[in-house]
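Before any comments, here is the structure.
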Amino acid sequence: GIQVEQSPPDLILQEGANSTLRCNFSDSVNNLQWFHQNPWGQLINLFYIPSGTKQNGRLSATTVATERYSLLYISSSQTTDSGVYFCAVDPNQAGTALIFGKGTTLSVSS
Amino acid sequence: DSGVTQTPKHLITATGQRVTLRCSPRSGDLSVYWYQQSLDQGLQFLIQYYNGEERAKGNILERFSAQQFPDLHSELNLSSLELGDSALYFCASSVYTGTNEQFFGPGTRLTVL
Numbered sequence: 010g011i012q013v014e015q016s017p018p019d020l021i022l023q024e025g026a027n028s029t030l031r032c033n034f035s036d037s038v039n040n041l042q043w044f045h046q047n048p049w050g051q052l053i054n055l056f057y058i059p060s061g062t063k064q065n066g067r068l069s070a071t072t073v074a075t076e077r078y079s080l081l082y083i084s085s086s087q088t089t090d091s092g093v094y095f096c097a098v099d100p101n102q103a104g105t106a107l108i109f110g111k112g113t114t115l116s117v118s119s
Numbered sequence: 373d374s375g376v377t378q379t380p381k382h383l384i385t386a387t388g389q390r391v392t393l394r395c396s397p398r399s400g401d402l403s404v405y406w407y408q409q410s411l412d413q414g415l416q417f418l419i420q421y422y423n424g425e426e427r428a429k430g431n432i433l434e435r436f437s438a439q440q441f442p443d444l445h446s447e448l449n450l451s452s453l454e455l456g457d458s459a460l461y462f463c464a465s466s467v468y469t470g471t472n473e474q475f476f477g478p479g480t481r482l483t484v485l
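Rendered as structure tokens:
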């Protein structure tokens, strides 16, 4: 089955720093989503981005489907950005399961 | 708030028992998914229902079962519970037409003692 690899596994930042998280996947996908799991365990949708670039405030994401990777950029990080960031892909067309990477654990200190 | 609701938030029970987790999808979403998050296995897909019918199965144990009702809410039944079933169980929903963006509920944290 499809493999989803995220890097780095852990990231420690000072408040105000920028970071780039990477997601590589081993086969073509029809859906790619980025999630933030906060310290309370909630999974929060960040981006639905099977291809192209999107921005939402300090966060942006780019997926290059032909090269099978996606990047999540976090600028001017804040302590509330701490948590685990997951990339998840749907390798089939519409209505099937998301395959999750193992996540990047981000710790932002003030 | 994703619009997906799950009850209960926390559940503590003993080995051998049976529990039922409940999920209500976002208004208008026909597809419901169940996922399990454990420390050793990460986030894994269990089962999907679409408009009342089972659509796809993942790594769901035979001791686990699910269903989706006519009002589209779903229940996940876990029986003969073992210590290793302790995990965070998520429900997600999607429209299931065209794009398939999934939205996750807050999860049910199950502890088996």
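Just so you know, the protein sequences line up as chains W and S, in that order.
Residue numbers for the first sequence follow my numbering, beginning at 10 and rising by one.
Residue numbers for the second sequence follow my numbering, beginning at 373 and rising by one.
Glycine is no exception: its CB is placed at the ideal position from the N, C-alpha and C atoms.
The model shown is predicted, which means the values in this text are computed figures rather than measured ones.
query: Only counting the same chain, and skipping five residues up and downstream in sequence, which positions put a Cβ closer than 6 Å to that of E426 (chain S)?; result: none
query: Starting from H382 (chain S), follow its DSSP beta bridges and name the residues at the other end.; result: S:R481
query: Does A428 (chain S) come within less than 9 Å of chain W when only Cβ atoms are used?; result: yes
query: Whether or not the stretch 62-80 of chain W and the stretch 438-445 of chain S are in contact is what I'm after, with contact meaning three or more pairs of Cβ atoms, one per stretch, closer than 8 Å; do they touch?; result: no
query: Apart from the five residues on each side of it in sequence, which residues of its chain come closer than 6 Å, Cβ to Cβ, to D19 (chain W)?; result: T114
query: Any beta-carbon of chain S closer than 9 Å to the one on A70 (chain W)?; result: no
query: Give me, in chain order, the residues of the same chain whose beta-carbon lies closer than 6 Å to that of N49 (chain W); leave out the 5 immediate sequence neighbours on both sides.; result: Note that residue 49 (chain W) is Trp in the sequence shown, not Asn. So no residue of the chain qualifies.
query: Residue range of the beta strand (DSSP E) that N406 (chain S) falls in?; result: In the sequence as displayed, the identity of residue 406 (chain S) is Trp instead of Asn. Where W406 (chain S) is concerned, the enclosing beta strand (DSSP E) stretches over 403-410.
query: Could you pull the DSSP bridge partners for V467 (chain S) from this structure?; result: DSSP lists no partner for V467 (chain S).
query: Quick one: using the 10 Å Cβ neighbour count with 16 as the cut-off for buried, is I58 (chain W) buried or exposed?; result: buried
query: I need the straight-line Cα distance from P100 (chain W) to I21 (chain W), nearest angstrom please.; result: 31 Å
query: Rounded to the nearest angstrom, what separates S28 (chain W) and S86 (chain W) at their Cα positions?; result: 8 Å
query: So that I know if they touch, is there some Cβ in chain W lying closer than 9 Å to that of S465 (chain S)?; result: no
query: Does L448 (chain S) pass the burial test, meaning 16 or more other C-beta atoms within 10 Å, or should it be called exposed?; result: buried
query: Looking at chain S, is there any beta carbon in it that lies within less than 9 Å of the beta carbon of I11 (chain W)?; result: no
query: Any contact of the stretch 52-67 of chain W with the stretch 383-390 of chain S, i.e. 3+ C-beta pairs under 8 Å?; result: no
query: How would you call L52 (chain W), buried or exposed, if buried means at least 16 neighbouring beta carbons within 10 angstroms?; result: buried
query: From the DSSP output, in three-state form, read off T75 (chain W) for me.; result: helix
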